[in-house]
Amino acid sequence: MACDSAFDRPPLHGRLQDAWARPLFSPRVVTAEAVPALVDAQLHPDELAAVERAVPKRRAEFGTARLCARRALSSLGFEPAALLPHEGREPRWPPGAVGSITHTAGYCGVAVARSELVQSVGLDVEQDRQLDPALVESVCTPSEWRALAVRGRPHQDAIVYFSAKEAFYKCQFPLTRVFLGFHDVELTVDFESGTFRARVLLPLPRRPSGLEAARGRFLRRHALVLCGFELGAAGVLSPRTGP
Ligand SMILES: CC(C)(COP(=O)(O)OP(=O)(O)OC[C@H]1O[C@@H](n2cnc3c(N)ncnc32)[C@H](O)[C@@H]1OP(=O)(O)O)[C@@H](O)C(=O)NCCC(=O)NCCS
1 MACDSAFDRP
11 PLHGRLQDAW
21 ARPLFSPRVV
31 TAEAVPALVD
41 AQLHPDELAA
51 VERAVPKRRA
61 EFGTARLCAR
71 RALSSLGFEP
81 AALLPHEGRE
91 PRWPPGAVGS
101 ITHTAGYCGV
111 AVARSELVQS
121 VGLDVEQDRQ
131 LDPALVESVC
141 TPSEWRALAV
151 RGRPHQDAIV
161 YFSAKEAFYK
171 CQFPLTRVFL
181 GFHDVELTVD
191 FESGTFRARV
201 LLPLPRRPSG
211 LEAARGRFLR
221 RHALVLCGFE
231 LGAAGVLSPR
241 TGP
């Protein structure tokens, strides 16, 4: 659906100076970020309708993500259009585009790419916090827990596994339409290079090419953990894997 001039390329309130999510992806992916703010007046009527009963915090996250997404998509040459959710809650990107959205208090980020170059992307942000032992257990498999314990700060570092699994989930879901629980995926995390690999422990109806060879990236800054997972299109070289 095309946008009208009322919200065509609006000024983005609370734009971040620094491109925090940029280093998580190859140059094929465009990122846009902002501090969430109520931007109802700049949204498409169908987008507003999608969150009309939501609390202001949710409307701010949803709306700011739509403005970030339009800015990122326009830099790839896409016309401004309403960005509504599918039934599975993942965004309905315009034909020819793939992308991912994340938000938390004080931060909203979007990553998009052309589908001829990238099969899918996943972006996730979390507050960099210590997880309760019960939550660590529900997020990490026994072998992940052993790897965390070796580093000596398991409850502080488990948040990286949490966020990396969510980024991986958002990347794989549009391709497989399969719900994966936290124990259905096992990560190998390299804390020195800020990279991770993910292995799906379930049989998938369709295994996207390169899924388990792809390497995600993470970074911790400004009390946030940011994770990105990018799956290049078949025949397109995979993203940089070095630090
Ligand atoms: C979908 C999910 C990953 C979102 O993560 P979150 O930390 O709650 O929230 P975030 O702010 O980071 O992301 C929200 C965005 O995710 C996107 N999203 C929602 N469902 C999605 C899906 N099925 N696939 C891809 N993206 C999805 C939406 O764009 C949403 O933003 P919007 O509603 O403003 O459009 C999470 O709610 C969930 O369902 N997790 C369970 C599955 C999982 O993580 N498994 C891990 C093992 S792989």
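The working numbering applies: residue 1 is where the sequence shown begins, and numbers increase by one. Backbone N, C-alpha and C fix where the C-beta goes; we use that ideal spot for every residue, glycine too.
- Taking 8 Å as the cut-off, the C-beta of Glu33 does not count as close to any heavy atom of ligand 1.
- Bounds of the alpha helix (DSSP H) holding Glu47 are Pro45 to Ala50.
- Pairing Arg217 with Ala81, the inter-Cα distance amounts to about 30 Å.
- Taking every protein chain shown into account, the CB of Phe173 has 16 or more other CB atoms within 10 angstroms, so this residue is buried.
- In this structure, Ser163 sits away from Leu76, with a CB-CB distance that is not shorter than 9 Å.
- Between the C-alpha atoms of Glu230 and Ala19 there is a straight-line separation of about 17 Å.
- Separation of the CB atoms of Gln130 and Thr104 is rounded to 16 Å, and the pair is thereby denied contact status at 8 Å.
- Annotated as proximal: Ala111 and Leu24, with beta-carbon spacing under 9 Å.
- A distance below 8 Å between beta-carbons, with the five flanking residues on each side excluded, links Glu90 to the following residues of its chain, in chain order: Lys170, Phe173 and Pro174.
- Per DSSP, Leu24 lies in no alpha helix (DSSP H) segment and is marked neither H nor E.
- Partner residues in the beta bridge of Ala198, as assigned by DSSP, are Leu187.
- Looking at the DSSP output, Pro91 bridges to Pro85.
- Scanning the stretch 98-178 for uninterrupted beta strand (DSSP E) segments of 3 residues or longer gives 107-114 and 118-127, listed from N- to C-terminal end.
- Remark: the shortest separation between the CB of His103 and any heavy atom of ligand 1 falls under 8 Å.
- Straight through space, the alpha carbons of Cys68 and Phe168 are spaced by roughly 21 Å.
- Going by DSSP, Gly216 is part of the beta strand (DSSP E) stretching over Gly216 to Arg221.
- Leu187 places its beta carbon 9 Å or farther from that of Glu137.
- Taking Ala234 as the centre and dropping the five residues before and after it, the same chain places the C-beta of Ser209 closer than 7 Å to its C-beta, in chain order.
- Residue range Leu224 to Gly232 is occupied by the beta strand (DSSP E) that includes Leu226.
- By the neighbour-count definition (other C-beta atoms within 10 Å, threshold 16), His44 is a buried residue.
- Glu166 and Ile101 have their C-alpha atoms some 11 Å from each other.
- For Leu180, the CB falls within less than 8 Å of some heavy atom of ligand 1.
- Taking Pro95 as reference, the option from Gly232, Leu83 and Gly106 with the minimal CA-CA separation is Leu83.
- Straight-line measurement puts the Cα of Val150 at about 17 Å from the Cα of Thr195.
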